[in-house]
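Asker: Just so you know, the protein sequences line up as chains U and R, in that order.
When the count follows our numbering, it moves up by one through the first sequence with no breaks and lands on 487 for the last residue.
When the count follows our numbering, it moves up by one through the second sequence with no breaks and lands on 596 for the last residue.
Using N, Cα and C, we set each Cβ at its ideal position, and we do this for glycine too.
Remember, it's a predicted structure, so these values are computed and weren't measured experimentally.
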Amino acid sequence: MAAYALRRLLWLAPALLFISLVTFALMHSVQGGPWDDDRRLPPSVTENLDRKYGLDKPLYAQYFDFVTGALHGDLGISYARQDKPVTAIILSGFKVTAVLGVLALAVAVVAGVGLGVLSALNRNRWPDYAGVLFASMGSAVPAFVLGIFLVYIFGVQLHWLPTFGWDTRGGLLPGWLPRWQQLVLPVVTLSALPAAYLARITRASLLEVLRQDYIRTARSKGLGGGSVLFRHAMRNAAIPIVTVLGPVIAGLVTGSFIIEQLFSVPGTGRLFVQSVNARDYGLIMGTTLFYAAVIVVVNLAVDITYAFIDPRIRYR
Amino acid sequence: MDTLTLSRTRWLPFVLAFVAMLAVMACGGDNATKVDKSAMAPPDQQILRLRLNGEPKTIDPALSNSLAEATLTRPLFAGLFSYDTELKIIPNMATDVPTDDNGGISKDGLTYTVKIKKDAKWSDGNPITANDFVYSLRRALDPKLGSPYVSFYYGIVGAQDYNTAFGTKDAPKTPGDSELSALRDKVGVEAKDATTVVYHLKQPDPSFLNLLALWTAYPVEQKVVEQYGAKWTEAGNHVGNGPFVLREWAHDQRIVFEPNPYWTGEKPNLSRIVISFIADDAAAYAAFQAGDLDVVTVPPASSRTIAASNSAEFQKIADLSTYAMFMNNKVAPFDNQKVREAFALAVDRNAYVDGVLQGAGAATTSWIPPGMPGYDANLGKQWTFDATKAKQALAEAGYPDGKNFPAVTFLAVSSDTNRLVGQFIEDQLKKNLGVTVTTEYVDSKTFGGRFTGNQHQVTIQRWSADWPYPNNWLPDQFGTNALNNHSGYSSSKFDDLVKKAAAEVDEKKRLDLYAQAQKLIIDEAVISPLYNRQTYLLVKPWVKDLIATPLDGAIKGDSNLTKTYIAAR
Chain U
172 MAAYALRRLL
182 WLAPALLFIS
192 LVTFALMHSV
202 QGGPWDDDRR
212 LPPSVTENLD
222 RKYGLDKPLY
232 AQYFDFVTGA
242 LHGDLGISYA
252 RQDKPVTAII
262 LSGFKVTAVL
272 GVLALAVAVV
282 AGVGLGVLSA
292 LNRNRWPDYA
302 GVLFASMGSA
312 VPAFVLGIFL
322 VYIFGVQLHW
332 LPTFGWDTRG
342 GLLPGWLPRW
352 QQLVLPVVTL
362 SALPAAYLAR
372 ITRASLLEVL
382 RQDYIRTARS
392 KGLGGGSVLF
402 RHAMRNAAIP
412 IVTVLGPVIA
422 GLVTGSFIIE
432 QLFSVPGTGR
442 LFVQSVNARD
452 YGLIMGTTLF
462 YAAVIVVVNL
472 AVDITYAFID
482 PRIRYR
Chain R
28 MDTLTLSRTR
38 WLPFVLAFVA
48 MLAVMACGGD
58 NATKVDKSAM
68 APPDQQILRL
78 RLNGEPKTID
88 PALSNSLAEA
98 TLTRPLFAGL
108 FSYDTELKII
118 PNMATDVPTD
128 DNGGISKDGL
138 TYTVKIKKDA
148 KWSDGNPITA
158 NDFVYSLRRA
168 LDPKLGSPYV
178 SFYYGIVGAQ
188 DYNTAFGTKD
198 APKTPGDSEL
208 SALRDKVGVE
218 AKDATTVVYH
228 LKQPDPSFLN
238 LLALWTAYPV
248 EQKVVEQYGA
258 KWTEAGNHVG
268 NGPFVLREWA
278 HDQRIVFEPN
288 PYWTGEKPNL
298 SRIVISFIAD
308 DAAAYAAFQA
318 GDLDVVTVPP
328 ASSRTIAASN
338 SAEFQKIADL
348 STYAMFMNNK
358 VAPFDNQKVR
368 EAFALAVDRN
378 AYVDGVLQGA
388 GAATTSWIPP
398 GMPGYDANLG
408 KQWTFDATKA
418 KQALAEAGYP
428 DGKNFPAVTF
438 LAVSSDTNRL
448 VGQFIEDQLK
458 KNLGVTVTTE
468 YVDSKTFGGR
478 FTGNQHQVTI
488 QRWSADWPYP
498 NNWLPDQFGT
508 NALNNHSGYS
518 SSKFDDLVKK
528 AAAEVDEKKR
538 LDLYAQAQKL
548 IIDEAVISPL
558 YNRQTYLLVK
568 PWVKDLIATP
578 LDGAIKGDSN
588 LTKTYIAAR
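1) Per DSSP, ARG76 (chain R) forms a beta bridge with which residues?
2) Can you list the residues of chain U that GLN316 (chain R) reaches, using a CB-CB cut of under 7 Å?
3) Start and end of the alpha helix (DSSP H) containing ASN219 (chain U)?
4) Among residues of its own chain, excluding the 5 on either side of PHE195 (chain U), which ones have a beta-carbon nearer than 6 Å to its beta-carbon?
5) May I have a chain-ordered list of the beta strand (DSSP E) segments no shorter than 3 residues that lie completely inside the stretch 407-469 of chain U?
6) So which residues on chain U does ASN511 (chain R) lean against when the C-beta distance must stay under 8 Å?
7) Show which residues of chain R have a CB atom less than 7 Å away from the CB atom of ARG450 (chain U).
8) Checking contacts by CB at 8 Å: is ASP63 (chain R) closer than that to chain U?
9) LEU406 (chain R) and LYS5 (chain R) - do their beta-carbons sit closer together than 8 Å?
10) Any C-beta of chain R within less than 9 Å: which residues of the stretch 221-232 of chain U qualify?
11) Can you give me, in chain order, the residues of the stretch 293-323 of chain R that have a beta carbon less than 7 Å from any beta carbon in chain U?
12) Please state the DSSP three-state secondary structure of GLN342 (chain R).
13) In three-state DSSP terms, what is PRO154 (chain R)?
14) Return yes when the Cβ of ILE484 (chain U) is within less than 8 Å of the Cβ of VAL415 (chain U), no when it is not.
15) Just confirm the distance between the C-beta atoms of PRO102 (chain R) and GLY269 (chain R), as a whole number of angstroms; I'd bet it's less than 8 Å.
16) Can you list, in chain order, the residues of its chain with a C-beta nearer than 7 Å to that of LEU220 (chain U)? Leave out the 5 residues immediately preceding and following it.
17) Which residues, in order along the stretch 231-259 of chain R, keep a beta-carbon less than 7 Å from a beta-carbon of chain U?
18) LYS213 (chain R): which of R:ALA311, R:ARG537, R:ASP428 and R:ASN190 sits nearest, CA to CA?
19) State the beta-bridge partners of THR562 (chain R) as determined by DSSP.
20) ARG489 (chain R) bridges to which residues according to DSSP?
21) Starting from ARG76 (chain R), find everything on chain U with Cβ-Cβ shorter than 7 Å and list it in chain order.
22) Contact between the stretch 265-279 of chain U and the stretch 421-434 of chain U: three or more CB pairs below 8 Å?
23) Taking only the alpha-carbon atoms, compute the straight-line gap between PHE370 (chain R) and LEU538 (chain R) and give it to the nearest angstrom.
24) Report buried or exposed for HIS330 (chain U), applying the criterion of at least 16 other Cβ atoms within 10 angstroms of its Cβ.
25) Would you verify that the beta carbon of SER200 (chain U) is, or is not, closer than 8 Å to some beta carbon of chain R?
26) Would you report the Cα separation of SER234 (chain R) and ILE302 (chain R), rounded to the nearest angstrom?
27) Hey, how far is the Cα of VAL441 (chain U) from the Cα of GLU431 (chain U)?
28) Any chance the stretch 440-448 of chain R sits against the stretch 469-486 of chain R, with 3 or more Cβ pairs inside 8 Å?
29) Report yes or no: do the stretch 197-215 of chain R and the stretch 176-188 of chain R share at least 3 C-beta pairs separated by less than 8 Å?
30) State the DSSP-derived secondary structure class of TRP276 (chain R), mapped to helix, strand or coil.
31) If we call anything under 8 Å between Cβ atoms a contact, is ALA262 (chain R) one with GLU275 (chain R)?
32) Rounding to the nearest angstrom, what Cα-Cα distance links GLY336 (chain U) and ALA472 (chain U) in this structure?
33) What three-state label does DSSP hand ILE593 (chain R) in the structure shown?
34) Given 8 Å as the limit, is there contact between the stretch 299-317 of chain U and the stretch 383-395 of chain U, that is, 3 or more CB pairs closer than that?
35) Between the alpha carbons of ILE80 (chain R) and LEU447 (chain R), how many angstroms are there, rounded?
36) Mind checking the stretch 161-190 of chain R against chain U and listing, in chain order, the residues whose C-beta falls within less than 7 Å of any C-beta there?
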């Protein structure tokens, strides 16, 4: 098991190197560079800027510089953000995104799995219909529509919650969590889609399991409903849920562009889109590699979790 | 999880309708409150809450070039000059405006002598001297700094030599530190004494004082810049000389200004300005409605609804920008003047303003915008929308009823508003000329690269004034091979006119030469001006004396924030 995990982690290095090369090549092959705006800067000015940021060197030399820097933990600086180090920008954003993502994940798992179980146990009765309705709505309504709707109801009309912001000074946990009022809307909006998804998967998977012979056996042995559900049914029904949790977690912790844009949350989700739009080369490379690493690690964590849930799965 | 981004356009009509609904609902609310103008809220309530649509690239004046950056540097720094609401140059750090008569401008127009206010101080209490202005301009010209707007100052003796010390891509140079400092010392700006700074120009420049009012020439304190390097603009490190100081900069969230205790000009009424970075227009609008913001730009889709609501919160602000159809005169079919004429005649500008802009603009056929010298309301009247004349022009060009007209691509930045623009233009040209135009939507940097590289056929672009004088609107945009000439226009007659104008010392004659040059480009339908932009603002009734000028940046009223106050509620 440990050897397996280690091997997977070792693969991360060549994978990241490959991804960095592809990203670098793509980034430099698209039209438009960092100094291209609707108003043209004189060549003398853009050449000074190129020299300042090392863009006057040949591409292979730039890539080599990047890799050398990255190996020393230096991902370069961002042209569009006061020349700040890319690592510092990503880390400060990730602190926000991760906190938001973990909270949204908790809400999504509790609400999604809860609703799914409720639906499955009450198949074709009203709790089931309510659950299915929620699951369909949750996956059909885009986050920016749901978000602005919630802002309008709870911010504009009721004045219960602030309309934007993520101010961690003097919040629930200073430096980490803002006031709860600022948390509610982004967390709820962000968790709606994964909750709906989890509810659907849980319902389907649990229904499947409940039909199995061993459940009938357990019931006929006289086991209570709770025991059957949690000790026998859920354990097997959990495998598809854990499988989809992988991408869900990866999506949540890398941040959502829409949520962060809508609620002005200073996370990493916006960085990727903004950096590509600005052709902010350092930040593009940094965010891409960061995303890649997060996704690999999360998927590994999911694979390891399988082994704990299902004794049939063994890694070598 | 973010595959949702892709479906944004599909949901657009719904979101627009929803925003419009919010707008209608909003009209019943706050505007009933009437505030007594004389009653000012107590100091702890003198807080103005504004919005920018994102984290700025910088607040270092020498590195700024966008409207957002310009807007943030104005409260924090003060240049030698600024503008009044009529766009007349007024002294700011200077004691008075140099003229020929007061000896501030030498007879040959090559030397400008500016006296600095004696009591002027930095926000750390240190005195501001002429040396600070000398240092700041030379710093902006430092080739290693990479100041984007610095080429405007190449008219100063030695400025270009220093800024281009490393040569060009094709002919690079490798000057040593001593060579660089020698070039820096040769830049024609000097401190004659502690309060007198002198600028030496290569040739007379009627707009030179405008350059000293532009942010690139704002002073920065050498000690602070050298101590903190790129971090000198962070809160805690930053020192400025404007009416406000940087109190807090929570990156990607907000920037907070408070009055500068060492400011010797008019004392600000506000005790705090909080500028939140909110990227989403609909979110910002909701924040305004909820009372979390005091001022907001009206989202384009709601412009008409809000303008029609007669809300007391509504303000309409014109700025110095003109949007025009830029046709590439060098490529077919726009190398044919008759085709350009047909296109100029075929677009119904009023319908554009009404439909695409929801009223937020003023149709024009003229290039230099109203509110500055050189504006000519009657220019280009021959290109007023007329479908019959348009068809006729196209027939004369050799394409009767659009027959055999080549495929034309209309280039546009991909955005919600531009989808409407693209559809409108396609529709107009189809209907009025029988011509099929296809819109290509690209991201802004691709657009920038294509447009400024003159790899476009036709697009709509704007020019916004850096300073209110025609020399910011003609030579650089239409001169042969000029930097921002994206029509590909080349005319020795035009080049002669703007060259003569630049050398002309008589103001009236100079403006007349610029007028002739402007008439040429309009008469030859080099471009087709469409409209002058207007910004629709909503301002809470308790915000008083938010005084906008047409040169303001992303935040309207940015140059007069000392006057703004919050009325008692």
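Answerer: Taking the geometry as given:
1) Looking up residue 76 (chain R) in the second sequence gives position 49. Under DSSP, ARG76 (chain R) forms a beta bridge with R:VAL301.
2) Here residue 316 (chain R) corresponds to residue number 289 of the second sequence, with the count starting at 1. VAL327, listed in chain order.
3) Within the first sequence, numbered from 1, the residue matching residue 219 (chain U) stands at position 48. Annotation for ASN219 (chain U): the continuous alpha helix (DSSP H) segment containing it runs 214-223.
4) As a position in the first sequence, residue 195 (chain U) is number 24, starting the count at 1. Closer than 6 Å at the Cβ level, and outside the excluded window around PHE195 (chain U), lie TYR234.
5) You should have found no qualifying run.
6) Residue mapping note: residue 511 (chain R) aligns to position 484 of the second sequence, counting from 1. One finds ARG210 and ARG211 in chain U with Cβ atoms closer than 8 Å to the Cβ of ASN511 (chain R), taken in chain order.
7) Along the first sequence, read from residue 1 onward, the residue named residue 450 (chain U) stands at position 279. Within chain R, the C-beta atoms nearer than 7 Å to that of ARG450 (chain U) come from LYS472, in chain order.
8) As a first step, residue 63 (chain R) must be located in the second sequence, where it is residue number 36. With a pLDDT of 49 at ASP63 (chain R), under the threshold of 50, the predicted position of this residue should be treated as unreliable, though the coordinate-derived value follows. It does not: the Cβ of ASP63 (chain R) has no partner Cβ on chain U nearer than 8 Å.
9) Chain R is shown from 28 up to 596; residue 5 (chain R) falls before or after that span and cannot be answered.
10) The stretch 221-232 of chain U vs chain R, Cβ under 9 Å: ASP221, ARG222, LYS223, TYR224 and ASP227.
11) For the stretch 293-323 of chain R, the set of positions with a beta-carbon nearer than 7 Å to some beta-carbon of chain U reads SER303, PHE304, ILE305, ALA306, ASP307, ALA309, ALA310, ALA313, ALA314, GLN316, ALA317 and ASP319 in chain order.
12) For the purposes of this step, residue 342 (chain R) is identified with residue 315 of the second sequence, where counting begins at 1. Here GLN342 (chain R) sits in strand by DSSP.
13) Position 127 of the second sequence, counted from the start, is the residue given in the question as residue 154 (chain R). Three-state DSSP puts PRO154 (chain R) in a strand.
14) Position 244 of the first sequence, counted from the start, is the residue given in the question as residue 415 (chain U). Position 313 of the first sequence, counted from the start, is the residue given in the question as residue 484 (chain U). No, these two residues do not count as a Cβ contact at 8 Å.
15) Locating residue 102 (chain R) in the second sequence gives position 75, where the first residue counts as 1. Locating residue 269 (chain R) in the second sequence gives position 242, where the first residue counts as 1. Their Cβ separation, rounded to whole angstroms, is 5 Å, which keeps PRO102 (chain R) and GLY269 (chain R) in contact under 8 Å.
16) Taking the first residue of the first sequence as 1, we reach residue 220 (chain U) at position 49. A distance below 7 Å between beta-carbons, with the five flanking residues on each side excluded, links LEU220 (chain U) to the following residues of its chain, in chain order: TRP206.
17) Using a CB distance below 7 Å, the part of the stretch 231-259 of chain R facing chain U consists of ALA257, ordered along the chain.
18) Taking the second sequence and counting its residues from 1, one reaches residue 213 (chain R) at position 186. Closest option to LYS213 (chain R), Cα to Cα, is R:ASN190.
19) In the second sequence, the residue the question calls residue 562 (chain R) occupies position 535. DSSP, once it has assigned bridges, lists R:ILE344 as partnering THR562 (chain R).
20) Within the second sequence, the letter at position 462 stands for residue 489 (chain R). DSSP lists R:TYR350 as the bridge partner or partners of ARG489 (chain R).
21) Looking up residue 76 (chain R) in the second sequence gives position 49. Neighbours of ARG76 (chain R) across chain U, judged by C-beta separation under 7 Å, do not exist; the nearest C-beta is about 11 Å away.
22) Using a Cβ-Cβ distance cut-off of 8 Å, the stretch 265-279 of chain U and the stretch 421-434 of chain U are in contact, since at least three pairs of beta carbons, one from each stretch, lie closer than that value.
23) To locate residue 370 (chain R), count along the second sequence from 1; it is residue 343. To locate residue 538 (chain R), count along the second sequence from 1; it is residue 511. Roughly 29 Å separates the two Cα atoms.
24) As a first step, residue 330 (chain U) is located in the first sequence; it is residue number 159 there, counting from the start. When all chains shown are included, HIS330 (chain U) counts as exposed.
25) The residue given as residue 200 (chain U) occupies position 29 in the first sequence. Cβ-Cβ to chain R under 8 Å: no for SER200 (chain U).
26) Translated into the one-based positions of the second sequence, residue 234 (chain R) becomes position 207. Translated into the one-based positions of the second sequence, residue 302 (chain R) becomes position 275. Taking the straight line joining both Cα atoms gives about 32 Å.
27) Residue mapping note: residue 441 (chain U) aligns to position 270 of the first sequence, counting from 1. Residue mapping note: residue 431 (chain U) aligns to position 260 of the first sequence, counting from 1. The residue asked about is misnamed: residue 441 (chain U) is Arg in this sequence, not Val. Straight-line Cα distance between these residues: approximately 7 Å.
28) Contact between the stretch 440-448 of chain R and the stretch 469-486 of chain R is present, because at least three Cβ pairs lie under 8 Å.
29) Yes, the stretch 197-215 of chain R is in contact with the stretch 176-188 of chain R.
30) The residue you call residue 276 (chain R) lines up with position 249 of the second sequence. Three-state result, TRP276 (chain R): strand.
31) As a working mapping, residue 262 (chain R) is identified with position 235 in the second sequence. As a working mapping, residue 275 (chain R) is identified with position 248 in the second sequence. Yes; because the gap between Cβ atoms is below 8 Å, this pair is in contact.
32) Residue 336 (chain U) sits at position 165 when you count from the first residue of the first sequence. Residue 472 (chain U) sits at position 301 when you count from the first residue of the first sequence. Distance between the alpha carbons of GLY336 (chain U) and ALA472 (chain U): 32 Å.
33) Mapped onto the second sequence, residue 593 (chain R) falls at position 566. If DSSP states are grouped into helix, strand and coil, ILE593 (chain R) belongs with the strands.
34) Cβ pair count under 8 Å is below three, so no.
35) Indexing the second sequence from 1 puts residue 80 (chain R) at position 53. Indexing the second sequence from 1 puts residue 447 (chain R) at position 420. A quick correction: the sequence has Asn, not Ile, at residue 80 (chain R). Rounded to whole angstroms, ASN80 (chain R) to LEU447 (chain R) spans 21 Å at the Cα level.
36) Within the stretch 161-190 of chain R, the residues whose Cβ lies closer than 7 Å to any Cβ of chain U are, in chain order, PRO170, LYS171, GLY173, PRO175, VAL177, SER178 and ASN190.
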